[in-house]
Structure formats: C-alpha cells, structure tokens
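*Asks:*
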Amino acid sequence: GSVDRLKSNASIAFGAQLACELLGFAVTHHGFKAKGFITRYGNLAEPLSQLVSSEQRFLQLAPLRLLRVMVSTADDIYIRFIQRSGLLAPVMRGLQRGLQPPTIGGG
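Its first residue numbered 7, the sequence shown is counted upward by one per residue in this note's numbering.
Spelled out as structure tokens, the structure:
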C-alpha cells in the first residue's frame, strides 16, 4: 500500500513529512482557520499511523511533532479532536515498534 510507496519514492516520503510540518505550522500560526480545517476535514489517524510505521526515522517523527504542536496549544478543541479520533494510539504503537531491537539477521 502507501507504506510501500513511501519506501520506494523519496519525493513522496519528503512530501508526507512536509505535509505534517505545514499542518504544524498552520496550527501554530493560523489558529482559527487551522482548527476549522483539521477538525472538519482531518481524518489524520490513518495517514499518521502509516507514517509512523515507515522505516525512515524522519517519517516516524513527523506525526509526533504534529501532535506535540497540537497538544502544546492547550486548546480544548485540539485535545478533544485527538481524543475522539484516536490519534495517540497508532502513534504510540508505532513508536513502541520502533524501540524494539531488530530480529537476528534483520539488520
């Protein structure tokens, strides 16, 4: 699926990371409009979990930076959105997978 596309194409991987960074910038600097966009159109759970499950470390950390920005605003709407959409669960599962040591012969 899309994780395989991230592995094979560096420009798609960079675009995915850039999208997370731009969303984080919008949350920080364009509060009301970004809040409306993310809560209205923001089905972020699946794309963020796909990024966290990729092999590249910069793609694993991009969703975490976006969530950090959303939480650091201390806005109840973002906190409720994260809670309702279940964004923390796939990100934390991906981070736990990333912390596990590689299998023997797995590099």
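Virtual Cβ for every residue (Gly too), placed ideally from N, Cα, C. The structure presented is a predicted model; accordingly, all values stated were derived computationally and were not measured.
Could you give the residue range of the alpha helix (DSSP H) that holds Q66?
*Replies:* In the sequence shown, counting from the first residue as 1, residue 66 sits at position 60. Taken as a continuous stretch (DSSP letters only), the alpha helix (DSSP H) holding Q66 covers 63–78.
*Asks:* Taking only the alpha-carbon atoms, compute the straight-line gap between A19 and F38 and give it to the nearest angstrom.
*Replies:* Here residue 19 corresponds to residue number 13 of the sequence shown, with the count starting at 1. Here residue 38 corresponds to residue number 32 of the sequence shown, with the count starting at 1. So the alpha carbons of these two residues sit roughly 28 Å apart.
*Asks:* Quick check: what's the CA-CA separation for R46 versus I83?
*Replies:* As a first step, residue 46 is located in the sequence shown; it is residue number 40 there, counting from the start. As a first step, residue 83 is located in the sequence shown; it is residue number 77 there, counting from the start. When rounded, the distance between both Cα atoms is 12 Å.
*Asks:* If you run the structure through DSSP and keep just helix, strand and coil, what is H36?
*Replies:* Indexing the sequence shown from 1 puts residue 36 at position 30. Three-state result, H36: coil.
*Asks:* Please list the terminal residues of the continuous alpha helix (DSSP H) segment that includes D82.
*Replies:* In the sequence shown, residue 82 corresponds to position 76, counting from 1. Where D82 is concerned, the enclosing alpha helix (DSSP H) stretches over 82–91.
*Asks:* Is the beta carbon of L65 closer than 8 Å to that of A25?
*Replies:* Locating residue 25 in the sequence shown gives position 19, counting from the first residue. Locating residue 65 in the sequence shown gives position 59, counting from the first residue. Result no, Cβ atoms of A25 and L65 do not sit closer than 8 Å.
*Asks:* Measure the CB-CB distance between I85 and V77 and report whether it falls below 8 Å.
*Replies:* Your numbering for residue 85 matches position 79 in the sequence shown. Your numbering for residue 77 matches position 71 in the sequence shown. Yes, these two residues count as a Cβ contact at 8 Å.
*Asks:* Where do the N-terminal and C-terminal ends of the alpha helix (DSSP H) with S55 fall, by residue?
*Replies:* Against the sequence shown, residue 55 aligns to sequence position 49. Its alpha helix (DSSP H) spans residues 51–58.
*Asks:* Could you check whether V33 and L70 sit closer than 8 Å to each other, using their CB atoms as the reference points?
*Replies:* Counting from 1 along the sequence shown, the entry for residue 70 is found at position 64. Counting from 1 along the sequence shown, the entry for residue 33 is found at position 27. No, these two residues do not count as a Cβ contact at 8 Å.
*Asks:* Note down the Cα distance separating F87 from S55, rounded to an integer number of angstroms.
*Replies:* For this step, residue 87 is matched to residue 81 along the sequence shown. For this step, residue 55 is matched to residue 49 along the sequence shown. So the alpha carbons of these two residues sit roughly 16 Å apart.
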